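If you read the sequences in order, they're chains A, B and C. Just so we're aligned: 55 in the numbering used here is position 55 of the first sequence, and the numbers increase by one with no gaps anywhere. Just add 137 to the spot in the second sequence (first one is 1) and you have the numbering used here. Just add 592 to the spot in the third sequence (first one is 1) and you have the numbering used here. Each residue gets a CB set at the ideal place from its N, CA and C atoms; glycine is no exception. Everything numeric in this text was worked out from a predicted model, so none of it was measured. What follows is one structure encoded as structure tokens, with my remarks underneath.
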Amino acid sequence: MGSMNLILCAAAAAALDICALVLILASYSERRSERKAWSKISADMELADQNRSYALECDEILIGRHASADIRLPDMSVSRYHAMLNVTDGKWTITDIGSKSGIYVNGVHVQHVRLYDNDIITLGNRRLIFRKRRERN
Amino acid sequence: MKSIRRCQHIMTLFLLAFIAGIVALTVRINKQAPFYMSHSENYKLGNVYDRNGDVLFDGSGNGDYPNNHFIDVGNLIGDDKGQMENTLVAQNLDSLNNYSFNSGLVKKGGKAAIYTTLDHKANRAAYDAFMGADGCAVAYNYKTGELLVCTSLPNIDPSKGYAGLENMKSGTLMQKAMYRTVPGSTQKVSTVISAMEIMGQSALFSKKFSCSGYYINKSDGKIDCHNTWGHGEQNIQQAVENSCNPFFAQLVEDSDLPLDRVKEMYTKLGYAVSDDETEAEVGYIDIDGIQCEKASTKLTDPSDFSTQWGCIGQGKTLVSPVQLMMWQSAIANETGKMTMPHLIEHVTDVNGKTVDTAETSYSDKLFSASTASAVKQILMTNGANHYQYSIPGYNVAIKSGTAQVKDGAEENALLVGFVDDTKNPIAFCVVLENKYSTPAVAENIVTTMLNSLCS
Amino acid sequence: MSNPVSYFFSCVFVIIAHGAMLFNVFQNGNYESVNDVITLCTAVIGLDAAYFIVMPFFKQRTYAVDFMLLLILNMSNIFQSCFGGVHLDLKHFITGIAALVSCRIGCIACRNHRWIQDKKKFVWVGIGVLMIVIFLFCGSRSMWIDLGFMTIQPSEFIKPLLVLACATSISEQQNKHKVLGFNVVYENLILFGIVAAVILFQWWCRDLGSIPTFAAIYASGFLLRICYPKAKFSKKTLIIAGSCVAAAGIVAVILAPPYVKDRLFVDIWNDDVNGYQQTKALIGIAEGGWFGKGPGEGFLHNVVAYESDIVFSTICEEWGLLYALMTALMLLVIVAMPLVNPPRSYYHATMCAGVCAAFTVQMALNIFGSCNMIPFTGVTIPFISAGGSSMVASGLMIGMIAAAQSPVFKNPKPKKSRKQAKRRTS
């Protein structure tokens, strides 16, 4: 194989690599647009306590004391798996998944309820507020 | 979110495991590709050339050569068929591998080759000088270590195949210069070197022993001399020139030459010295992958019959011609260090790039430089006195030997020595087997070889 | 379409990549008349162009996975068309289009994970039906159903179904029942039963090659399930369990029947019958070197299964190891897309993990097997090996990944449930 053909071969391989790279970059840009789409689907909500806020990035969110929970509340009054947030058609709901201390939304003990903006959720000793996401500067 | 990330971790795990596998695969393919290639039909070996560019081994198998074109180098160069393992090609197949994974299969044929130091013309001349008799001849440049001639008879032309393998004479498939044989009186060189190192030059030169044609030693063994009338009283110079056995028997018995020191000295020279209790293991000299047997002997007691013969060159002593020749280099260079022989000058890879160039290397110091000079003087005198007509035109130092083999049924003629000439620094060793059954003469073989090398 | 610029650039670069390959074929290839090359070019570039025009009608938000799939499929088309001389491999071309179609089907079916989750029972039934089909039509030694004009390998279709069965959502895992004092999710038990059945069935079929694939899909599903058992599975228990499985594997190998052992330990260089394919494959790789002999110049197309089981070596020989590794890399990139653009639901994420497991294990079995690093099994590389069943099944799986990239979150339409309710009553 001559050097010319070798260069061609390498060029074709390089074109392939660049194409893959472009597609990965495209996927990155899609990730950004998907995030926008997600904020529409999820009604752009977040969960916050006094110290920090938790972004809600997927449609099923586990709240609990266990390390594998999506939102971890390290407090003995919270069960290991306490509650689950769910979103469908832009509507968030909270469900008790066998917690010991139960869930109180705006002071009412609930099993499964739809959440609205500025609802206050009490899990054991922890209080969280469900609200529109605020831009942080 | 943690749950999603957990899934991503598992995916990463699978992907990383696969990538690790791919990396291992790539490394493995790179490493083993030459092996895979050796099973391919498109696989062609490179050539082996002599110092003048003459082909010694045709790796492609396409060349057309007359019958017996390679017969003088057959069992030294060998081939890739697996019949002869201790040969240059068999031991250096990797260097001849006309393939590298990086360049893939080269369609026009690669340029991988081994360029040897051999001189095919001289080799052939030496081969022909044996006139069909068995034996071997080996010569090398004692300054650089380039092996110039290495031939043995009977031999084979591997390019014409191995038909009639079972009817071939024994020794056809082995390069005899690499294997041990009875050294005969050429062994006396080692004994002289040892004695000089142990006793000192002046003590050795002052020793005088008489020879009456035979000598009855202390254990009542009879050491015969080849001169039945005897040599009379001689010093070491005369004894070497006469190759007098009784002199050396008495020297071994002499109290100034303790056998323990002789053993030590022999071991230093490279002998595997056994005694009654221990059996020493024979080592090898490596010449570009070819294994050359080192010397061996058995020494038990200074007055023992077999021990004395061992120092004279019979008994249990066995030395390979190549090693005999290498000791000559230590004497010729007057350093006491042997020049290590090499066969490969350089190697080229598939693309013709030189990858491996030989360098001259030396052994450890075997004996002192002054001993080397003194022994050189003895051998030079011997050459001048006895060989100026039989090996005309060369300033040679030489020691002859006659080795009885097959329980005395046959006698081999040996000649070891070197040419004292800065232009043609050649050390050599010739073994002519069963010398009475052939018109060939060892001196003529040496002369032919030197003529061809020095022309 | 959210980003027309990136769509346009993706199109352009895919065409450039294929163009470079085709130019390489034109320059280095082994062909009798230029018409063959022109036909190939028309087919490949035509398919590219058609795809770019058709894609926007599907109104997705993301296209990267689809373009990646197109890139790989047309690469595969070029590879397959060049084996042993350039000519358009029409059969492979058509199965490639079938794979694109099945990818769309998979994508549309899985976009809404609630909908597909509701259909999980049908997935279980589907696996059962496929096994019965294999049992009835293939028997214990064959994996193929011969329809006369084409052959189908039903076991391939179990793979996407098993991925669907292994995918799970968090709420599904919270649906626990007490059995004998243990909190048990019924779905997990059913899944375990199904996987055990499938693996035993494959063992009985002597289709040993696909067992690791099923096992890997289940392993990913299993690992992603035991994360929620109230912290009973610590890392230590996991390691112990893992080593137990490994030990069991080793014991299984030691106690394996002779016909399995024969296939596990083959000294390929001294076995002309069992080692023939692999030795030829390795020689092909060695002869190809980094840059190959040129498209169509190889000899491996004379060896059985050159286009499926030892396709990696055939590519190595004609295109070079570099290209073959790149091909494997492309397949890795397509299954790694969920790492770049993460899914938004656990169901989709587990589905992606299952697809990733299936793809990597199949590729590993094929590539490392044909290179004699592990026992040689007749497994195909997704999309690269020829074979309609494998192409369509792999297309479905890539469809799942595409679905995870642009998901839809809606409850299943109440209309349908009403219809189902009606059916039940009637």
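Report the neighbours of B/G241 on chain C: residues whose CB is nearer than 8 Å to its CB, in chain order.
Indexing the second sequence from 1 puts residue 241 of chain B at position 104. Simply E879, G880, G881, W882, F883, G884, K885, G912.
Is the segment 85-97 of chain A touching the segment 58-68 of chain A, taking contact as three or more C-beta pairs under 8 Å?
yes
Could you tell me the alpha carbon to alpha carbon distance between B/S498 and B/V275, rounded to whole angstroms?
Within the second sequence, residue 498 of chain B is the residue found at index 361, counting from 1. Within the second sequence, residue 275 of chain B is the residue found at index 138, counting from 1. When rounded, the distance between both Cα atoms is 19 Å.
Option in B/W464, B/N561, B/N212 with minimal Cα separation from B/D294:
The sequence position of residue 294 of chain B within the second sequence is 157, counting from 1. When only C-alpha atoms are compared, the closest one is B/N212.
Could you check what DSSP says for B/N184 in three-state terms: helix, strand or coil?
Counted from its first residue, the second sequence places residue 184 of chain B at position 47. It is a strand residue.
Going along the chain, which residues of its own chain have a beta-carbon closer than 7 Å to the beta-carbon of B/N522, five neighbours each way excluded?
Your numbering for residue 522 of chain B matches position 385 in the second sequence. Closer than 7 Å at Cβ, skipping near neighbours: E378.
So, do the segment 241-260 of chain B and the segment 326-335 of chain B have three or more beta carbon pairs nearer to each other than 8 Å?
no
Note down, in chain order, every chain A residue with its Cβ under 8 Å from the Cβ of B/I141.
By one-based count along the second sequence, residue 141 of chain B stands at place 4. Simply E57, C58.
I need the straight-line Cα distance from C/P930 to C/I907, nearest angstrom please.
In the third sequence, the residue the question calls residue 930 of chain C occupies position 338. In the third sequence, the residue the question calls residue 907 of chain C occupies position 315. Computed Cα separation, rounded: 28 Å.
Tell me the residue span of the beta strand (DSSP E) that contains B/A249.
Taking the first residue of the second sequence as 1, we reach residue 249 of chain B at position 112. No beta strand (DSSP E) holds B/A249; DSSP gives it neither H nor E.
Do three or more CB pairs link the segment 534-542 of chain B to the segment 270-290 of chain B at distances below 8 Å?
no
Hey, does B/M138 have any beta-carbon neighbour from chain A nearer than 8 Å?
The residue you call residue 138 of chain B lines up with position 1 of the second sequence. Closer than 8 Å: yes.
Ignoring anything shorter than 4 residues, give me the alpha helix (DSSP H) runs that lie fully in the segment 886-952 of chain C, in order along the chain.
903-911, 913-932
Can C/V953 and C/P804 be called in contact, C-beta distance under 8 Å?
On the third sequence, position 361 is the one that residue 953 of chain C refers to. On the third sequence, position 212 is the one that residue 804 of chain C refers to. Contact: yes.
Below 6 Å CB to CB, which residues in the same chain sit around A/S99 once its five sequence neighbours on both sides are set aside?
Mapped onto the first sequence, residue 99 of chain A falls at position 99. Taken in chain order, the residues that qualify are S79, H82.
For chain C, find out if any of its Cβ atoms is closer than 8 Å to the Cβ of A/T93; answer yes or no.
In the first sequence, residue 93 of chain A corresponds to position 93, counting from 1. No, because no Cβ of chain C sits closer than 8 Å to the Cβ of A/T93.
Pairs of beta-carbons, one from the segment 745-756 of chain C and one from the segment 985-1003 of chain C, closer than 8 Å: are there three or more?
yes
So the candidates are B/M336, B/E390, B/G321; which of them puts its Cα closest to the Cα of B/Y352?
As a first step, residue 352 of chain B must be located in the second sequence, where it is residue number 215. With distances taken between Cα atoms, B/Y352 lies closest to B/E390.
Using a Cβ-Cβ distance under 8 Å, would A/M76 count as near chain C?
The residue given as residue 76 of chain A occupies position 76 in the first sequence. No, A/M76 does not count as interfacial toward chain C.
Quick one: does A/I63 have its CB under 8 Å from some CB of chain B?
On the first sequence, position 63 is the one that residue 63 of chain A refers to. No, because no Cβ of chain B sits closer than 8 Å to the Cβ of A/I63.
Please classify C/D640 as buried or exposed, where buried requires at least 16 neighbouring CB atoms within 10 angstroms.
Reading the third sequence from its first residue, position 48 is the one you call residue 640 of chain C. Flag for C/D640 reads buried.
What would DSSP say about C/T760, mapped onto helix, strand or coil?
Indexing the third sequence from 1 puts residue 760 of chain C at position 168. It is coil, neither helix nor strand.
Whole angstroms are fine: how far does the CA of C/G801 sit from the CA of C/S1018?
Taking the first residue of the third sequence as position 1, residue 1018 of chain C is located at position 426. Taking the first residue of the third sequence as position 1, residue 801 of chain C is located at position 209. In this prediction, C/S1018 scores a pLDDT of 45, lower than 50, which makes its location untrustworthy; the coordinate-derived value is nonetheless stated afterwards. Between C/S1018 and C/G801, the C-alpha separation is close to 46 Å.
Determine the extent of the alpha helix (DSSP H) in which B/D149 is found, giving its start and end residues.
Along the second sequence, read from residue 1 onward, the residue named residue 149 of chain B stands at position 12. Residue identity check: residue 149 of chain B is Thr in the sequence provided, not Asp. Taken as a continuous stretch (DSSP letters only), the alpha helix (DSSP H) holding B/T149 covers 139-174.
Rank C/M965, C/V597, C/F749 by C-alpha distance to the C-alpha of C/G720 and give the top, closest one.
Taking the third sequence and counting its residues from 1, one reaches residue 720 of chain C at position 128. Considering only alpha carbons, the answer is C/F749.
Just tell me which of B/D271, B/T494, B/I582 has its CA closest to the CA of B/K306.
Within the second sequence, the letter at position 169 stands for residue 306 of chain B. When only C-alpha atoms are compared, the closest one is B/D271.
Distance between C/W736 and C/I818 (C-alpha atoms, nearest Å)
Here residue 818 of chain C refers to the residue found at position 226 of the third sequence. Here residue 736 of chain C refers to the residue found at position 144 of the third sequence. So the alpha carbons of these two residues sit roughly 36 Å apart.
Would you mind sorting C/A1013 into buried or exposed? The rule is 16 or more other CB atoms within 10 Å of its CB.
Your numbering for residue 1013 of chain C matches position 421 in the third sequence. Unreliable placement is indicated for C/A1013, whose pLDDT of 48 sits below 50; the coordinate value is still reported in the next sentence. Exposed, since its Cβ has fewer than 16 Cβ neighbours within 10 Å.
Beta bridge counterpart(s) of B/Q375 as assigned by DSSP:
Counting from 1 along the second sequence, the entry for residue 375 of chain B is found at position 238. Beta-bridge pairing links B/Q375 to no other residue.
Examine chain C for any beta-carbon lying closer than 8 Å to the beta-carbon of A/D96, and answer yes or no.
Translated into the one-based positions of the first sequence, residue 96 of chain A becomes position 96. So, not an interface residue.
Quick check: the segment 42-50 of chain A against the segment 946-963 of chain C, are there 3 or more CB pairs under 8 Å?
no
Excluding sequence positions up to five away, which residues of its chain have a Cβ less than 8 Å from the Cβ of C/H610?
Counting from one through the third sequence, the residue named residue 610 of chain C turns up at place 18. Around C/H610: V636, I637, D640, L663, N666, M667, I670.
Selected residue, minimal CA-CA separation from B/K313, among B/Y173, B/K431, B/S510
Here residue 313 of chain B is taken as the residue at index 176 of the second sequence, counted from 1. Selected option, being the one with the closest Cα: B/K431.
Applying the 10 Å Cβ sphere with the 16-neighbour rule, what's the burial state of B/P383?
Within the second sequence, the letter at position 246 stands for residue 383 of chain B. Buried, by the Cβ-count rule.
Over the uninterrupted alpha helix (DSSP H) stretch that includes A/E60, give me the two end residues.
The residue given as residue 60 of chain A occupies position 60 in the first sequence. Premise fails: A/E60 lies in the beta strand (DSSP E), 60-64, not in any alpha helix (DSSP H).
Can you find a CB in chain C that lies within less than 8 Å of the CB of A/T122?
Along the first sequence, one-based indexing puts residue 122 of chain A at 122. Answer no: the Cβ-Cβ gap between A/T122 and chain C never drops below 8 Å.
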